[in-house]
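S.K.: Here the numbering used here is used: the first residue of the sequence shown is 2, the next is one more, and so on.
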Amino acid sequence: MSGRASIRRNWRFSGNYPLFRSVKRFAALVFTLPDRLASEARAKEDKRSAPALMCTALAIHLLLTCSMRRENLVNLERGRSIKRIGQPPDHKWIIDLTPEEVKNGQELRHELEGPTVELLEEYLADWRSRLCAKPNSWLFPGPDGERIDPRTMAFAVQAQSRRVLGVAISPHQFRHISADSFLQAHPDKLDQISEHLGHRDRNTTRYYYARSKQKQASRAYRKHVLKLHDDATRYLVRHGRRRRHSDGSDEL
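#1: Tell me the DSSP secondary structure of R65 in three-state form.
#2: If you follow the beta strand (DSSP E) that R131 is in, where does it begin and where does it stop?
#3: Express the C-alpha separation of L98 and E78 in angstroms, rounding to a whole number.
#4: Taking C-alpha atoms, which residue in E147, R37, K45, L63 lies nearest to Q174?
#5: In chain order, what residues of the same chain have a beta carbon less than 6 angstroms from the beta carbon of T66, not counting five sequence neighbours either side?
#6: State the CB to CB distance for the pair S162 and L34, rounded to an integer number of angstroms; the pair is presumed to be in contact (CB under 8 angstroms).
#7: Taking T57 as the reference, give the member of R164, M154, R239 with the closest Cα.
#8: On the criterion of 16 or more Cβ atoms from any shown chain inside 10 Å, does R22 qualify as buried, or is it exposed?
#9: So what does DSSP say about E112, is it helix, strand or coil?
#10: By Cβ distance, which residues of its chain are closer than 7 angstroms to R148, with the 5 residues on each side in sequence left out?
#11: If you scan the stretch 118-186 from start to end, which runs of the beta strand (DSSP E) of 3 or more residues do you find wholly inside it?
#12: Between the Cα of R164 and those of K25, K45, L54, spot the shortest distance and give me the residue it belongs to.
#13: Is it right to say L38 is buried, meaning 16 or more other beta carbons lie within 10 angstroms of its own, or is it exposed?
#14: Quick one: using the 10 Å Cβ neighbour count with 16 as the cut-off for buried, is Y236 buried or exposed?
#15: Do V158 and I61 have their beta-carbon atoms positioned less than 8 angstroms apart in this structure?
#16: Using the C-alpha atoms, what's the distance from V226 back to G115?
#17: Go ahead and pull the three-state DSSP assignment for G4.
#18: Relative to the C-alpha of H111, which residue among K84, A28, L125, P52 is closest?
#19: To the nearest whole angstrom, what separates the beta carbons of E102 and N73, a pair I think is in contact under 8 angstroms?
#20: Shortest alpha-carbon distance to S68 belongs to which of E46, A160, A51, H177?
#21: Pick out the complete beta strand (DSSP E) segments inside the stretch 32-107, 3 residues or longer, and give them in chain order.
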């Protein structure tokens, strides 16, 4: 089984997470990985490897918060596909992807918020220029002034996740993990995550995510029905049963 299939199987179905004591711990380590990498970069700011580490931290953060595909991530350009609207402090950052840029022809827009904006602005102000001295518009430039090679980005993401977490996670796996985590908490919002991922066909989302969500939805439904049963029992205990008819039914 490939590494991708193994991670997706472990994350979605079996609960047997390598090197982790629980699903909760695995999720906590995954979702704080960008923070840890950014902190490491700041701690060794003068070292040659620090800018690349901060670049990987921001890349993983965008993979988690925007569920981006690798190609869209490395193709982000300042002033075009990622841009600031307005002036500080009343400004916002958005990612706009045209239908021609997205795998299935769906236009996508992501408005960045909070920690994402903070990390992005720090990266742009202090780190990006150290990755490439040549003028360019790429968010993630290579040393030659062109966009970073997708394979180089994937290698960096997997290498850092392996180093910190003990298991390599690819850019596409981060996309699946963040989407699946949302549905773990909101099993009834398959359509919403389908819109977020940019799936043209809802059946695509359903194929990848619905099986585990059906179990959670059923669990939530059973919990609801059992609560109704308990509430009904307490109500009848408090108020007593009405007179019973000859046919065995209770008077309502």
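We treat Cβ as the ideally placed atom computed from N, Cα and C, and that holds for glycine.
Quick caveat, the model's predicted, so the values are computed rather than measured.
M.R.: Per the coordinate set shown:
#1: Correcting the residue identity first, residue 65 is Leu in this sequence and not Arg. The answer is helix: DSSP assigns L65 an H, G or I state.
#2: It is not in any beta strand (DSSP E) - R131 instead sits in the alpha helix (DSSP H) that spans 129-132.
#3: Rounded to the nearest angstrom, the two C-alpha atoms are 10 angstroms apart.
#4: L63
#5: T117
#6: The Cβ separation is near 7 angstroms, so the contact holds.
#7: For T57, the closest of R164, M154, R239 by C-alpha to C-alpha distance is M154.
#8: Unreliable placement is indicated for R22, whose pLDDT of 49 sits below 50; no coordinate value is reported for it.
#9: strand
#10: Hits under 7 angstroms: V75, N76, W139, F141, P142.
#11: none
#12: The shortest C-alpha separation from R164 is found at L54.
#13: buried
#14: exposed
#15: Contact check for I61 against V158 passes: the beta carbons are separated by less than 8 angstroms.
#16: 38 angstroms
#17: The predicted position of G4 is uncertain, since its pLDDT is 43 and thus under 50; a value taken from the coordinates is nonetheless stated next. It is helical.
#18: K84
#19: 6 angstroms
#20: H177
#21: 83-86, 93-98
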